[in-house]
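Chains as they are written, first to last, in my numbering: chain A, 1 to 229; chain B, 1001 to 1229.
Reading through the structure tokens given below for one structure.
Number of protein chains: 2
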Amino acid sequence: MDKLQLLKNTTIFSSLTPPDLSVVSSLFIEEGFEKEEFILTEGDPPNWLCIVKEGNIKMVKHSPSGRDMIMAVMSAGDVIGEVAVFDGGPYPATAQGMGNGTILKISRRDFISLLKKYPSVALEIIGDLGRKLRGAMNVARELRGERVEGRIAMVLLKLARKLGTPVDGGVDLSIHFTRQDIADMVGSTIETTIRVISRFKKEGIVRDSKGKMTLDVKRLESILKEIEI
Amino acid sequence: MDKLQLLKNTTIFSSLTPPDLSVVSSLFIEEGFEKEEFILTEGDPPNWLCIVKEGNIKMVKHSPSGRDMIMAVMSAGDVIGEVAVFDGGPYPATAQGMGNGTILKISRRDFISLLKKYPSVALEIIGDLGRKLRGAMNVARELRGERVEGRIAMVLLKLARKLGTPVDGGVDLSIHFTRQDIADMVGSTIETTIRVISRFKKEGIVRDSKGKMTLDVKRLESILKEIEI
DNA sequence: GTATATCTATGATGCTTATCATACTCAACC
DNA sequence: GGTTGAGTATGATAAGCATCATAGATATAC
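Encoded structure:
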């Protein structure tokens, strides 16, 4: 799959005509990233806007006390860094590779002029930001409302929906998440997360062999139902 | 202060010329609200976009277990409901009056056509959404990182910056927040919040007489510094 | 194959905080 | 002026989870 093909399938450029798309495409640079590599760093000046091409990227927010928070996991077609590129402020979070992959990046300068040239892109960005805002608000609410077991069930469900492939007996997660990753998504510690997931494994809600997790979506949902009573 | 005057000072319309502004102004309806009144309700279809004219409004996200989370406090010039109006999905949070006040509201239909007519407004909305996204991500991180005492110090500081008026000996909060409100902002319970604030009062960091709080900003900041070591 | 590192696992302990219970304070209202 | 209700206060108790410690499992490197 080439640059053009990816951009065509990216929501923020979905309204562009093929000729416009190839103009836009020429402004993007392709670049590889590796596991754990920092693609953007929280607090840095917003020189680049990126679009994920291959692989997965976690958006991490660091806290002074050293406990990280994974705000979201991005995959092909997702846009990264647009908030900062737009208002000129520092990146609000760090983008870190979860494995090898590639991104397309465009300089802030080029992106701003592109926006002026194609106003329809601005409308798509509003939609994109709206979705992200909804997501962030949900993270905040979930951290507050339920306890760790429920939050882990929620996060596993979210991952299953975004990245899962159905197999018999459940849904496979295509990426490997360590217990630490999951702890950072639900706002807990690695030990507590291990304990909860071990319990899920004993109950057959989760299976994992060599890092690939298989989830029993139905039963995860029913855990959440019970909580919501 | 009339409608026109307020809209002129609203960020999302800051780029419009006076004649355009009066066209826009005519599309807005003025409406009063009372303490605790629901101005928008989470989950409802997005028929209106609102701008706060007078008074203050809290954005509340309900959780299944009944524990509310106050995501933000809005005051004059702030925009409410734009995410939903834009993508057509349900409102992501409830907007509730914190006292008497007034809003300006515009129908979804009118707002969408206004956006098409004045593309510069779209750019301002991107900025607005970006700020909100930054805010929501910070809420999520704070909930995770620190414990209640630090989170309350943080929230009080944020309120002091947004709504405070300097007086000798500190900063006065112009609105009355109950302990429950503050608990809902930091993700805690009313009892714990009362205990922490009582401690702050004993230490002279917070004073309150008939509901008006006076904050010692310096010392609140130093509490956070200590935590961040 | 052994070594090294990373991830997972599990126990013991105690801190924070939620929860339950009860009482006090103050303002509003008939 | 007493009644009512909302907000504030404070103690007792225990649930939930973080923290510390240690060990096994699995992968990667030499």
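We put the CB at the ideal spot given by N, CA and C, even for glycine.
Under a criterion of Cβ atoms nearer than 9 Å, no residue of chain A is adjacent to Arg1179(B); the nearest Cβ is some 16 Å distant. Per DSSP, reduced to three states, the secondary structure at Phe33(A) is strand. Our two residues, Arg199(A) and Ile152(A), have alpha carbons roughly 12 Å apart in a direct line.
The straight-line gap separating the alpha-carbon atoms of Met98(A) and Arg67(A) is approximately 18 Å.
In the DSSP assignment, Phe38(A) falls within the unbroken beta strand (DSSP E) covering 38-40. Annotation: Cβ neighbours of Leu133(A) in chain B (cutoff 8 Å, chain order): Val1083, Pro1092, Leu1129, Lys1132, Leu1133, Ala1136. Proximity of Asp1110(B) to chain A, defined by a Cβ-Cβ separation below 7 Å, is not satisfied. When C-beta atoms of the stretch 42-62 of chain A are compared with those of the stretch 84-96 of chain A, three or more pairs fall below 8 Å, so the two segments count as touching. Ala1122(B) places its beta carbon 7 Å or farther from that of Ala136(A). For Leu16(A), there is no enclosing alpha helix (DSSP H), as DSSP marks it with neither H nor E. In the structure shown, the three-state DSSP call for Ile1223(B) is helix.
Within 7 Å of the CB of Lys1061(B), the CB atoms of chain A belong to Met137, Arg141, in sequence order along the chain. Three or more Cβ pairs closer than 8 Å define a contact, and the stretch 1209-1227 of chain B meets that threshold against the stretch 1142-1160 of chain B.
Among the CB atoms of chain A, none fall inside 7 Å of the CB of Ser1015(B). When the alpha-carbon of Ile51(A) is set against those of Glu36(A), Val60(A), Lys35(A), Ser25(A), the nearest one is in Ser25(A). Sorting Glu30(A), Lys8(A), Glu31(A) by C-alpha distance to the C-alpha of Ser22(A) places Lys8(A) at the top.
Listed in chain order, the non-local C-beta contacts of Asp1078(B) below 6 Å within the same chain comprise Val1052, local neighbours out to five positions each way being set aside. Put simply, the CB of Ala1122(B) is near chain A, with a gap under 7 Å to one of its CB atoms.
If you check the CB distance, Arg1179(B) and Ile1194(B) come in under 7 Å.
Chain B places no beta carbon closer than 7 Å to that of Pro46(A), leaving this residue out of the contacts. The beta-carbon of Gly1077(B) is placed no less than 7 Å from the nearest beta-carbon of chain A.
Runs of the beta strand (DSSP E) spanning 3 or more residues and lying entirely within the stretch 169-226 of chain A occur at 170-173, 206-209, 212-215, in chain order. Under the Cβ criterion (8 Å, minimum of three pairs), the stretch 1103-1112 of chain B does not count as touching the stretch 108-126 of chain A.
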